[in-house]
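Here's the structure we're looking at; comments come further down.
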Amino acid sequence: CMPPRRQKLCVDFLKQLKGQTDEKLRDAFIKSAAAETFLSWHKYKEDTQKEKATHKADNDLNEGIIPEDFIRQMYYTFGDYRDLCMNKNIGNDVSNVENKIKDFFSKADGTSSSNLSREVWWKKHGPKIWEGMLCALPGTANFQNKEDYKDPPEDFARQPQFLRWLTEWYDDY
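Sequential numbering from 1 applies to the sequence shown in UniProt numbering.
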């Protein structure tokens, strides 16, 4: 069962994808992931303000700290975008996006027009997608180059989507 965070994953820029270039697909992933992070941050702030009398999420960001429970959401989201790229998404809500990505990697040997496999493409562009997610947060300059956030959570994202979702449900309830 898909967690609530994933049910409304922002894929608008991927839906609008036209053209078969590396750059267009990369930009669509970056813009979608950044928009998702931006919207998720504002929902996170609303939710935490309801739960706590004192709200310090923005203060944390200004001090160069992404709250632990929000960075975990970013990890899950990064993994979901990776699954879309790798054709390992188990949801059935974004089939039109999956088809566009499939078309991008539609050469007979499963590579893109630039001769990159899905794995090589993600290895090349995944860090930029992660950077786009970081840049979508307010106060970006305070933490963007910190070692804690510099590298994308690739090991986490490689876990099977079902296990990540199961863990996410467990953590939330």
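We treat Cβ as the ideally placed atom computed from N, Cα and C, and that holds for glycine.
Since the model is a prediction, treat every value here as computed from it, not as a measurement.
Check	Outcome
Assigned secondary structure, D171 (DSSP; H/G/I helix, E/B strand, else coil)	helix
Nearest residue (CA-CA) to G79, options E46, D27, D155	D155
Endpoints, alpha helix (DSSP H) assigned at M74	68 to 86
Beta-carbon gap between W41 and L134 smaller than 7 Å	no
Cβ contact check for the segment 3 to 12 and the segment 63 to 72: 3 or more pairs under 8 Å	no
Own chain residues within Cβ distance below 8 Å of Q7, not counting five before or after	D93
C-beta atoms of E168 and P3 nearer than 7 Å	yes
Coarse secondary structure for D27, derived from DSSP in three states	helix
Rounded Cβ spacing between R82 and G126 (contact assumed at less than 8 Å)	7 Å
Whether F105 touches Q20 by CB criterion (7 Å)	no
Unbroken alpha helix (DSSP H) run spanning K123, endpoints	118 to 135
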